[in-house]
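The listed protein sequences correspond, in order, to chains A and B.
Numbering of the first sequence is given in the UniProt record's numbering, commencing with residue 1 and proceeding in unit increments.
Numbering of the second sequence is given in the UniProt record's numbering, commencing with residue 1 and proceeding in unit increments.
Here is the structure we will look at, set down as structure tokens.
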Amino acid sequence: MSSQPVREAALKLVKGLEQLPLERIKHIVSLKESQIERYSPVAGLGSSKNDGKAKPSLEDIKDIISRTSGPLGMQKDALKKIQAALPQEQFTVDGIQEQIRSLQALLSNKNKNYYDVGDKLYKPAGNPIYYQRLLDEIEGKKKETFLTALRTVLFGK
Amino acid sequence: MLKVVSKPLYRSARLTHGSSLINSWGQGRSFASKEREVDKKLESPEEQAKNSKLTSKPIDLSNNAPVKAKGKRSLLSESKYESKSYQLPKWKEALGEVVIRGFGLDMDKIRAGPIAGSFYYAQCKEQGLQFENEELSKTAKFFYEDLKLPRTFSQWFQITILHEWILFVRMRAMPFKYGKNYQQKLVDRTFADIELRLFEEMNVNSGRIADQYLKDFNSQLRGAVFAYDEGFYTDDATLAAAIWRNLFGGRKNVDLVHLEAMVKYVRAQLYVLSKMSDREFALGKFRFVPPNEVVVKLTHAQETAMKEEAIKRYEAIDADPNLLPSDKSNLSYKN
């Protein structure tokens, strides 16, 4: 069991991790979930693995399998196995504080704001709606029609 | 004529540690004194990753697929046209110029091959290139030692496509038909090279197995480009998650400091690219900023001065009556 200061720091880290945005598309593994699961025991919260989380439905599984194949040389469930294996880690207060600082930097968009690339790259001259269209599609705004899809296939944008 | 340009590095938008360039730009100092204080505190991605106090190691340290090349390929190819020392005979060069002028060939389109397919591909390839029992290059050390990534072929592929994606982002901002062509040439070359590497270096003997690998790499490329695009456009946290899934293989005991360092690395490269004009980029003037260097934001005055200088330089080149047809370009040097 971890000492009191470590536990407090880890609790803060877990709170920060909970602020990470939800994924717009379901992937095999999720940064947010895996990290919460990793630090929860350190924070004394116990594993949140089974409480209230329903098993993935058949649709979920089909969706994942049809969109992504296993990485090179790995069985399909290998990633999950690696995820499940809890490493024995020793955490220090300093180490966790550092993690919190990095997490805050990510959450506050520090690098995106500092290295601002402006509309030159966000609305690229060759295809100004490229990113917006991509985002609309994954957020499920249903703006795509058969004709716009055909246009992309034929003309590339 | 079509030879790859190897001019000095594009240094305008980046400063190395302890560089005195900040002070030499007198006019910009008062404009952004607050920003300068932020700049001084900046760490390079490599420093940041090295200073992390978290000691966790990747779970599986055994490397089951080392890159043990029986015969090493040269960086690009054995073709004499891709070697640095080769000079076209004068008569061939003259004939080429006549053909280009006579048929009015579009050099910007032709240049995609040698620049994106050869020069930029070599840039992406050498970032994470490593062989077992051989010393790592400086950038490779950052990826394999500081970030603790496994030394495998597919890890090399992930590092390569991350860098290719960075270039894709800039290519999209070129006029559509040229940008698309640059992207196409880069991807074509990647897969042509991987196929040869599989046979010659990874000792794959069966064409069917190589094809399977290539298909797998193709879907990894599509997935990675999509995920990075989403992260680039939305926020740092999404980009970090995309990097974690692809570059770090989604391993659980990842160090968030490493992730932040990688986000900084990527955003800094994109920042440098955003300050380059189409012409400079298309002529192959971009080099990746090494991870041990810091990219410092340009002040408004610096940026204007840099642009003016570039415009002056390219105006002079375009106005030169002796400019060879093969050196002509219609791409903008003003953006």
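No residue lacks a Cβ here, since even glycine has one placed at the ideal position from N, Cα and C.
Considering residue i, what are the terminal residues of the alpha helix (DSSP H) in which it resides?
{"i": "residue 16 of chain A", "result": "4 to 18"}
{"i": "residue 219 of chain B", "result": "207 to 233"}
{"i": "residue 312 of chain B", "result": "300 to 319"}
{"i": "residue 171 of chain B", "result": "153 to 172"}
{"i": "residue 155 of chain A", "result": "146 to 155"}
{"i": "residue 96 of chain A", "result": "93 to 107"}
{"i": "residue 342 of chain B", "result": "Residue 342 of chain B is absent from the structure shown; chain B starts at 1 and stops at 335."}
{"i": "residue 191 of chain B", "result": "176 to 200"}
{"i": "residue 110 of chain B", "result": "107 to 110"}
{"i": "residue 102 of chain B", "result": "90 to 103"}
{"i": "residue 111 of chain A", "result": "110 to 114"}
{"i": "residue 45 of chain B", "result": "45 to 50"}
{"i": "residue 90 of chain A", "result": "No alpha helix (DSSP H) contains residue 90 of chain A, which DSSP labels as neither H nor E."}
{"i": "residue 131 of chain A", "result": "130 to 138"}
Whose Cβ in chain B lies nearer than 7 Å to the Cβ of residue i?
{"i": "residue 157 of chain A", "result": "176"}
{"i": "residue 112 of chain A", "result": "235, 236 and 267"}
{"i": "residue 118 of chain A", "result": "274"}
{"i": "residue 29 of chain A", "result": "245 and 250"}
{"i": "residue 34 of chain A", "result": "252"}
What do you get for residue i, buried or exposed, if any count of 16 or more other CB atoms within 10 angstroms of its CB means buried?
{"i": "residue 153 of chain A", "result": "exposed"}
{"i": "residue 244 of chain B", "result": "buried"}
{"i": "residue 331 of chain B", "result": "buried"}
{"i": "residue 126 of chain A", "result": "buried"}
{"i": "residue 203 of chain B", "result": "exposed"}
{"i": "residue 197 of chain B", "result": "buried"}
{"i": "residue 253 of chain B", "result": "buried"}
{"i": "residue 185 of chain B", "result": "buried"}
{"i": "residue 48 of chain B", "result": "buried"}
{"i": "residue 74 of chain B", "result": "exposed"}
{"i": "residue 57 of chain A", "result": "exposed"}
{"i": "residue 283 of chain B", "result": "buried"}
{"i": "residue 61 of chain A", "result": "exposed"}
{"i": "residue 113 of chain A", "result": "exposed"}
{"i": "residue 163 of chain B", "result": "buried"}
{"i": "residue 98 of chain B", "result": "exposed"}
{"i": "residue 155 of chain A", "result": "exposed"}
Under 6 Å Cβ to Cβ from residue i, same chain only, skipping five residues before and after it: list those, please.
{"i": "residue 80 of chain B", "result": "86"}
{"i": "residue 215 of chain B", "result": "none"}
{"i": "residue 225 of chain B", "result": "165"}
{"i": "residue 18 of chain A", "result": "none"}
{"i": "residue 121 of chain A", "result": "none"}
{"i": "residue 322 of chain B", "result": "none"}
{"i": "residue 20 of chain B", "result": "Any reading at residue 20 of chain B is ruled out, since the residue's pLDDT is 34, under 50, leaving its predicted position unreliable."}
{"i": "residue 96 of chain A", "result": "9, 10 and 13"}
Below 7 Å CB to CB, which residues in the same chain sit around residue i once its five sequence neighbours on both sides are set aside?
{"i": "residue 82 of chain B", "result": "76 and 118"}
{"i": "residue 236 of chain B", "result": "263"}
{"i": "residue 210 of chain B", "result": "195, 198, 199 and 204"}
{"i": "residue 137 of chain A", "result": "144"}
If the cut is a Cβ gap below 9 Å, which residues of chain B does residue i touch?
{"i": "residue 126 of chain A", "result": "171, 172, 173, 174, 175, 176, 177, 178, 179 and 180"}
{"i": "residue 24 of chain A", "result": "230, 234 and 238"}
{"i": "residue 21 of chain A", "result": "234, 235, 237, 238 and 241"}
{"i": "residue 138 of chain A", "result": "226 and 230"}
What in chain A is Cβ-close to residue i, meaning under 8 Å?
{"i": "residue 299 of chain B", "result": "Chain A residues near residue 299 of chain B: none, gap ~13 Å exceeds 8 Å."}
{"i": "residue 53 of chain B", "result": "92, 94, 95 and 98"}
{"i": "residue 270 of chain B", "result": "115, 117 and 121"}
{"i": "residue 335 of chain B", "result": "120 and 125"}
Which residues in the same chain as residue i place their Cβ atom closer than 8 Å to its Cβ, once the five residues preceding and following it in sequence are excluded?
{"i": "residue 156 of chain B", "result": "67, 128, 129 and 130"}
{"i": "residue 16 of chain A", "result": "100, 103, 104 and 107"}
{"i": "residue 139 of chain A", "result": "24"}
{"i": "residue 16 of chain B", "result": "With a pLDDT of only 39 at residue 16 of chain B, under 50, the local geometry of the prediction cannot be trusted, and the value read off the model is given with reservation. Answer for residue 16 of chain B: 293 and 294, listed in chain order."}
What does residue i reach in chain B if we use C-beta pairs closer than 8 Å?
{"i": "residue 41 of chain A", "result": "Neighbours of residue 41 of chain A on chain B: none; closest Cβ ~13 Å, over 8 Å."}
{"i": "residue 38 of chain A", "result": "252 and 253"}
{"i": "residue 135 of chain A", "result": "230, 233 and 234"}
Against residue i, what residues of chain A qualify as contacts under a CB-to-CB distance less than 7 Å, listed in chain order?
{"i": "residue 260 of chain B", "result": "102, 105 and 106"}
{"i": "residue 256 of chain B", "result": "99, 102 and 103"}
{"i": "residue 264 of chain B", "result": "111"}
I'd like to know whether the C-beta of residue i is nearer than 7 Å to at least one C-beta of chain E.
{"i": "residue 240 of chain B", "result": "As a matter of chain content, chain E is missing from the structure shown, whose protein chains are A and B."}
Report yes if the C-beta of residue i is less than 6 Å from at least one heavy atom of the ligand SAH; otherwise report no.
{"i": "residue 254 of chain B", "result": "Although the ligand SAH was asked about, the structure shown includes no ligands whatsoever."}
* If you scan the stretch 248 to 296 of chain B from start to end, which runs of the alpha helix (DSSP H) of 4 or more residues do you find wholly inside it? -> 256 to 274 and 278 to 282
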